[in-house]
Amino acid sequence: MAEKPIVAATDGSEESLRAVDWAAREAVLRGAPLRIVSAAPLLPRMTEDHDVSGYETVTDAITEHRDAGLAAAAERAAKAGPGLLIDTDHLEGGPAEAVTDAGAGALMLVVGSRGSGAFAALVLGSVSRYAATHASCPVVVVREETTAAQRQVGIGIARAEGSAAALTFAFEEAALRKASLVVVHAWSMPEGDISRAGILLPTRGLKAIGESAARALDALINEWQAKYPDVPVSQDVVRGHPGRALAGLSARTDLVVVGRRAEHHGPGTVTHAVLNHAHGPIVTVPTG
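In the working numbering, the protein residues as written are 1 to 288.
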């Protein structure tokens, strides 16, 4: 495949096949090829060497399941469009690292939120979390797909600095989908922090913070609106946890975009909060 592909990971589960469906439609929309990958979750000391005795080994069973899953995913993806170019590839090494590395140079990497069955759920769940916070390309984690009344893409902005990559992705995705874009900034200040800071002027003080954030967000939106004049844009400044606000946004949009920095991917981050509680597809975009 000469062009940059969209890469989708599958383990044969319905969750991962839903991700393949999403990736296939996105590939058709962008006119991009689709590469479907799968990594067999081999246990330590297991290899893909086949037993010459003729007996099927555990490794054989796992790799056969992987290959069958790839074939099923390719067949399903082909229904997205007659001209879609599809390639399949089995990966070597640990699933999380292998799938994440497969996204190198891709337009985006698409994964499901979890697998099926106890072991598969553990594997694919860890894969999606790892890829969404470590891949060098944008990563889409497909949970449920919402049936939004209006075509809309959402993006969460913490600060103007370092948001260019996420904003570019969000605006371009909205333009491709002929959708509107809603830009959300959520802020919170625990009461204890307010008291210690000596600014416990409850309503007026908090209102001033919100108004200041709204002005900054408005200035940022105006700058980007000039680059994408055909994309309708609105903004929403809310007081509350960013993860909760963006998870709620995902229930009424086609896609929510979140920027991520390499050094900020622990379990308490906004990215993890959104991934754990989102209702629809979430894309994490590396910011450098």
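Ideal Cβ placement from N, Cα and C applies to all residues, glycine included.
Excluding the 5 residues flanking A24 on each side, which residues of the same chain have their C-beta closer than 6 angstroms to its C-beta?
L34, A77 and A80
Pull up the CB-CB distance for I221 and V258, whole angstroms please, since I reckon it's below 8 angstroms.
About 17 angstroms; that fails the 8 angstroms criterion.
Is R261 helix, strand or coil by DSSP?
Reduced to three states, the DSSP call for R261 is coil.
To the nearest angstrom, how far is it from the Cα of A208 to the Cα of L107?
40 angstroms
For R239, which of A175, V142 and S212 has the nearest alpha-carbon?
S212
Between the Cα of A131 and those of H277, H272, A278 and E173, spot the shortest distance and give me the residue it belongs to.
If you compare the alpha carbons of H277, H272, A278 and E173 with that of A131, the shortest gap goes to H272.
How long is the line joining the alpha carbons of R30 and R177, rounded to whole angstroms?
10 angstroms
Which residues share a DSSP beta bridge with R239?
W187
Hey, A39 and V99: beta-carbon distance below 9 angstroms or not?
yes
I'd like the list of long-range same chain contacts for G12, defined as Cβ closer than 7 angstroms, with 5 residues on each side in sequence excluded.
H65, A68, G69 and A72
Thinking just about the alpha-carbon of each residue, which of R215, H277 and K4 is nearest to the one in D87?
K4
Using a Cβ-Cβ cutoff of less than 6 angstroms, which residues in the same chain neighbour R143 once the five nearest sequence positions on both sides are dropped?
S113 and A278
Given a cut-off of 9 angstroms on the beta-carbon distance, is the pair V182 and I155 in contact?
yes
Within the same chain, show all residues whose beta-carbon is closer than 6 angstroms to that of S136, passing over the 5 residues directly before and after it, in chain order.
A104
Quick check: does the Cβ of I282 come within less than 8 angstroms of any heavy atom belonging to the ligand FAD?
No copy of the ligand FAD occurs in the structure displayed, which carries no ligand at all.
Three-state class that DSSP yields for I36 in the structure shown
strand
Residue closest to A164, alpha-carbon to alpha-carbon, out of S16, W224, V141 and G210:
W224
How big is the Cα-Cα spacing for E26 and V7?
Those two C-alpha atoms are separated by around 11 angstroms.
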